[in-house]
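Worksheet: the structure to be examined is printed underneath.
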Amino acid sequence: MKTTVDISDSLLAEARRVAARDGVTLRALIERGLYQVVRERTAGSPFKLRRASFRGKGLQPEFAEGSWERIRDAAYRDRGA
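For the sequence shown, the numbering used here assigns the number 1 to the initial residue and increments by one for each residue that follows.
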């Protein structure tokens, strides 16, 4: 499908340089950019883990030299584990 868009002269010149450097047509470069923008918009926002750290002095003394299994067992103690 053909369509007409207005692009600033400086952006068009830069796009032509990029297309020539990459060895692709201007059309291919524009389509690649549009696909990328559409994909980003439809993919939704990426998951971002909230900051959940806290102030403290590390592990409690009883776990300072303990293994992960020991910490896990203590966490689940009296909870059916």
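Built from N, CA and C at the ideal position, the CB exists for glycine as well. Computed from a predicted structure; not experimentally measured.
Count Cβ pairs between the segment 8–23 and the segment 34–46 that sit closer than 8 Å; are there 3 or more? As far as the Cβ criterion goes, the segment 8–23 does not touch the segment 34–46, which means the pair count is below three.
What separation, rounded to the nearest whole angstrom, lies between the Cα atoms of residue 7 and residue 31? As a working note, residue 7 is residue 7 in the sequence shown. As a working note, residue 31 is residue 31 in the sequence shown. Distance between the alpha carbons of residue 7 and residue 31: 14 Å.
Taking only the alpha-carbon atoms, compute the straight-line gap between residue 58 and residue 78 and give it to the nearest angstrom. Residue mapping note: residue 58 aligns to position 58 of the sequence shown, counting from 1. Residue mapping note: residue 78 aligns to position 78 of the sequence shown, counting from 1. About 24 Å.
Apart from the five residues on each side of it in sequence, which residues of its chain come closer than 7 Å, Cβ to Cβ, to residue 71? As a first step, residue 71 is located in the sequence shown; it is residue number 71 there, counting from the start. Close CB contacts of residue 71 within its chain, under the 7 Å cut and outside five residues either way in sequence, are with 63 (chain order).
Coil, strand or helix - residue 42 by DSSP: Here residue 42 refers to the residue found at position 42 of the sequence shown. Residue 42 falls in the helix class under three-state DSSP.
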